[in-house]
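Step one of this worksheet: look at the structure below.
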Amino acid sequence: MVWCLVRDIHRSSNIGKGLVAAGRFLCKDHMLMTGSLNATFQAFSARSKHVRAPFAAQQLPLCFVHMRMACDECKASERSIEVRSPDAQMLGKEVLRDLANTRAAYKLSKQELQVVNFFFSTLKLSYRGVRAILQRCPQVLRLSLKNAIVPRLALFGAQGLSWEDIGPVLVGCPELLLIPAFEGNLKIFADYAKSEMGASKDEFVRLLQKEPSLLLRSVERDIVPKVAFFRDLGGPPRTTMACLVQNPRMLTYSLEDQLKPCLSFLTKQLHIPKDEYMHLLKRRPSLMGFSVDYKLVPKLQYFATLGLSPNDVGKMAVKFPAVLTANLNRKVEVLVQFLVSDLKIPEGNIGAIIKRMPSLVTNSMESNRSRHEYYLGLGLSSEDVGKMVLEFPQVLGNSLSGEMPTKVQFLQQEMEKDLEELVKFPYFLNYSFRDRIVPRAGFLKIVKGRKGIKDVSLFKMYYPSDAKFCKNVVERPQKEFERYRACLWATKLGAKWKIRHPDDKDAIKRMCRKCSEWMEMGTSQ
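In this note's numbering, the protein residues as written are 11 to 535.
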């Protein structure tokens, strides 16, 4: 706990390396963690020459907030350190009590204690929230709770916000307590948001909580022109409002330096049609804040080196807008290096892979490497994995915690297929295990025996539609296959691979009758 406290204070208040070293040393003494905070600080002063008390008055509330958070961290950790911390409901009272006990020693006024108490008890703020306020604006402790803070925050109540709604607004922009200019803007912005923008009460609250700095801007000069800009993109008013609520920071972007240049880039460089603008905006609203010269153009130039034209990049952006916002150095270039170096894919084919699956640029390298190691563990080489990715890039998108390992296990154990067939036809991993993989393998085994499964390739077995599979592969009526698939959960094969039965009782009864038919035919497994 002591080390957590010292570490946080050092990072936020720059007290010094000496205090950090003292904290590391004193952390070994469990007795220091079971006493009052006042005793702990006294022990700091007595045991280490680097610690000097008292702390500055504006740092003390922050210090105790860190102390309480450190206690919680110690409780949640696996370290065998006994920390006597109260229930969550009592945390605020304990911090205030400890502050009161040390008020005389560190010269904290009652006014400062009242402000901290107000944050905890009335605004229902967490310790992390109080810490954020005190870090950004320690001057709020000097404000009068009765004459300054409460009257100013009561203005939000007049617009329908509760005390708990006001808390996140204050955490996001504590300067609102210090700048009187927002008082006039609040009513103007509230009227405009509700009447002109069509925001509901909940949407208005979310606008303020996500971007409270809007109250420091002129509604007429800053907000109205930008709302008009987004409406001109052609989307329905409700869609525009939903995009702004999702990312109200768009209303803080510069109209001339960010919004208009970005729109021009999407139109003239990437040739994205106008009817796709709202689709882009809804899925990736932060795109409008990206610098064209420093972010978007360099990315377009890099994609050109991979063989992707501006039209290709535009189509990728419509399909997956994050391809334009992914970090070039930490995401795109690292992905290309992984595909070329680790998977041995020729650099000339990288563009085609990204074009087919642009979401790869947002994959973490940890997940890519874990999937690579999984395939290597099956006995495949890096070249084999590269061939699979080149044929079907979604191979790097399959979750190892999902059905993919089960599909591979079914392929090897039940179908007795070599992994070479998986390299030739990696699309197998994308098919539904319940509706396609198990039913077709089971039905083919019934009709043509185990040898039939070995003779039929994965491509012929799974690529065709149900109609072509029944006509050309098993040579049986499609209704017969559908009947088998419907009652698969009741067969031995379905039980072995944990095929769940439907929840609908009537459907279960119908399937049971179909299972009986299969039993009579002697084909149930």
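Quick reminder that beta carbons are idealized off the backbone N, C-alpha and C, glycines included.
8 Å contact criterion, which residue i and residue j should meet: CB distance rounded
| i | j | result |
| --- | --- | --- |
| E206 | T262 | Between T262 and E206 the Cβ distance is about 18 Å, and since that is not below 8 Å, they are no contact. |
| L135 | V181 | 7 Å |
| R334 | L306 | For the sequence presented, residue 334 should be read as Leu rather than Arg. About 6 Å separates the two Cβ atoms, so the contact holds. |
| V125 | V150 | 6 Å |
| L155 | F128 | 6 Å |
| L318 | K365 | 6 Å |
Residue i vs residue j beta-carbon contact at 7 Å
| i | j | result |
| --- | --- | --- |
| S380 | K354 | no |
| V484 | V457 | yes |
| F443 | Y472 | no |
| P331 | L290 | yes |
| K309 | L273 | no |
| R146 | P184 | yes |
| V342 | L280 | no |
| L163 | I176 | yes |
| L316 | I282 | no |
| L133 | W173 | yes |
| E383 | P436 | no |
| T372 | A336 | yes |
| Q121 | P178 | no |
Pick from the options that is closest to residue i, judged by C-alpha positions
| i | options | result |
| --- | --- | --- |
| M398 | G177, V448, I363 | I363 |
| K464 | F443, F491, Q422, R495 | Q422 |
| T249 | M375, L151, L226, D285 | D285 |
| L388 | T372, M414, V371 | M414 |
| E357 | A314, M326, G177 | A314 |
| K417 | L400, Y385, D394, G396 | Y385 |
| L254 | I233, C147, D267 | I233 |
| S409 | F435, E376, S319, E174 | E376 |
| K197 | F214, Q169, P184 | Q169 |
| P246 | D212, F275, Y287, L280 | Y287 |
| N195 | G244, L224, F129 | L224 |
| G167 | A200, G412, N157 | A200 |
| E193 | P178, K211, K270, V229 | V229 |
| S369 | L276, N321, K329, F275 | K329 |
| G412 | L432, Y441, E431 | Y441 |
| L429 | I447, V448, D445, V395 | V395 |
| V448 | V179, I509, Q268, N321 | I509 |
| D352 | R340, S374, N378 | N378 |
| K325 | L276, G504, D212 | L276 |
| G504 | D445, R460, Y312 | D445 |
| P148 | N157, L123, S131 | L123 |
| L171 | A191, K211, A158 | K211 |
Nonlocal neighbours in the same chain, by C-beta distance under 7 Å from residue i, ignoring five residues either side
| i | result |
| --- | --- |
| M367 | P403, Q404, G407 |
| Q488 | D476, A477, C480 |
| A203 | A209, F214, L217 |
| P295 | C253, Q256, N257, M260 |
| R293 | P331 |
| E431 | S467, L468 |
| K470 | V483 |
| P235 | L265 |
Residues of its chain near residue i, where Cβ-Cβ distance is below 8 Å and the 5 sequence neighbours each way are ignored
| i | result |
| --- | --- |
| I189 | L226 |
| K270 | F239 |
| E530 | Note that E530 scores a pLDDT of 39, beneath 50, so its modelled location is shaky; the value from the coordinates is reported in the next line. Contacts found: none. |
| F420 | F443, I447, V448, A451, W507 |
| N321 | L280, H281 |
| M251 | M207, G208, A209, E213 |
| A158 | L187 |
Same chain, Cβ closer than 6 Å to residue i, neighbours up to 5 away in sequence not counted
| i | result |
| --- | --- |
| F491 | F453, C480 |
| V75 | Low confidence applies to V75: its pLDDT is 42, below 50, so where it sits in the model is not reliable, and the reading given next is rough at best. Same-chain partners within the cutoff: Y137, V140, R141. |
| D39 | Below a pLDDT of 50, predicted positions are generally treated as unreliable, and D39, at 40, falls in that range; no measurement from the model is reported. |
| M425 | A451, I463 |
| Q268 | G299 |
Quiz item: Any chance the stretch 485–495 sits against the stretch 446–453, with 3 or more Cβ pairs inside 8 Å?
Solution: yes
Practice problem: Could you tell me whether the stretch 235–242 touches the stretch 251–270, where touching means 3 or more Cβ pairs closer than 8 Å? | Solution: yes
Quiz item: With a cut-off of 8 Å, do at least 3 Cβ pairs link the stretch 295–309 to the stretch 344–361?
Solution: no
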